[in-house]
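Take a look at the structure below.
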Amino acid sequence: MSPTHHDNDTAPAEVGVASAKESTDSADDLSHNPSGLWSGDTGTLGERTRRVLLELLKGPYVSGTQAPQLWAALVADEGLVRSRLHDLFLDLVIDRVDEFAFTRKIVTDEIDAPAAVRSERLTFLDTAMLLVLRQLLLAAPGEKRVIVDREEVYERLAIYRTGDESTFQRNLNGAWSRMSNRLRVLHKAGEDRFEISPMVKFLIDEDRVRELIAVYERIAAGETDTGEIYDGKSDDGGDSIAEAVVDNTVTDASDADSDIDADTEEDDA
């Protein structure tokens, strides 16, 4: 009878109407976007396609062997994924034989494309190890898997040793860890046995390989010091991992020495 009593009678109905409206709005959001994964989602890709796109952006690559469901989504929606990457000035590189894919900065003279992926600076020994892994992989054509022993790789790098053995061994272990965890080109296949990822073929192109081999041969012969060599920069998702350095000049890396020191400190930690 009183205004207070009247308000109490109608309040539940008003709350019910508001809740029903919110539910209807959420349902409308989903009905207007059948690809939506949550209320308000405006994305148009399926869930697995979104996940493979995210993995490509996180890097360094997507493997059909390690993630078959993501690989299947990539193959099914390659055009859509490629289009989304182009929106970010990135290109999609796919190796259908070995089943892996990665992104890299678009290569074009038509525009000044910004860098869209992170840089990865490597030490002299990192690059030498990449070259060794690449040589071992290419020395076994037709093999589905190339398995190497850690000590075999270390022995091939012994010619670049400078300083005491314990420091060199520590730096070798640091480079090996970066190959396994950062670049993901080594995958454990047993006790001190590791599989080389086919991805290693793309980390250094043929021209760069020839440049580096020439410099590394000079180092092995004692004609050049390892301190003269280095930049290891990968701002295009894979190509141009390393720049050869000649006559004490560093290409594109005036702070190469500090990068090497930082990596050494990381190894010590």
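Each residue of the sequence shown is one higher than the one before, counting from 1 in UniProt numbering. Here a beta-carbon is modelled for each residue, glycine too, at the ideal position from N, C-alpha and C.
Cβ-based burial, K105 [other Cβ within 10 Å; buried from 16]
buried
According to DSSP, residues forming a beta bridge with S83:
In the DSSP output, where bridge partners are listed per residue, S83 has none listed.
Let's see if you can read the secondary structure: which residues bound the beta strand (DSSP E) around R96?
Run containing R96: none; DSSP gives neither H nor E here.
Can you tell me which of the three DSSP states E143 falls into?
coil
Can you list, in chain order, the residues of its chain with a C-beta nearer than 7 Å to that of E152? Leave out the 5 residues immediately preceding and following it.
none
Please classify L138 as buried or exposed, where buried requires at least 16 other C-beta atoms within 10 Å of its C-beta.
exposed
Less than 8 Å between the CB atoms is what I'm expecting for A101 and L92, so what's the real figure, rounded?
6 Å
For R156, collect the residues of the same chain with a Cβ closer than 8 Å to its Cβ; drop the 5 residues on either side in sequence, then sort them by chain order.
V132
On the CB-based measure, 16 or more other CB atoms within 10 Å of its CB, does N173 come out buried or exposed?
exposed
I'd like to know whether the C-beta atoms of L70 and V62 end up nearer to each other than 7 Å.
yes
V52 versus G142 - alpha carbon distance
28 Å
Just to confirm, are L85 and T108 a CB contact at a threshold of 7 Å?
no
Measuring straight from C-alpha to C-alpha, what distance separates Q169 and D126?
13 Å
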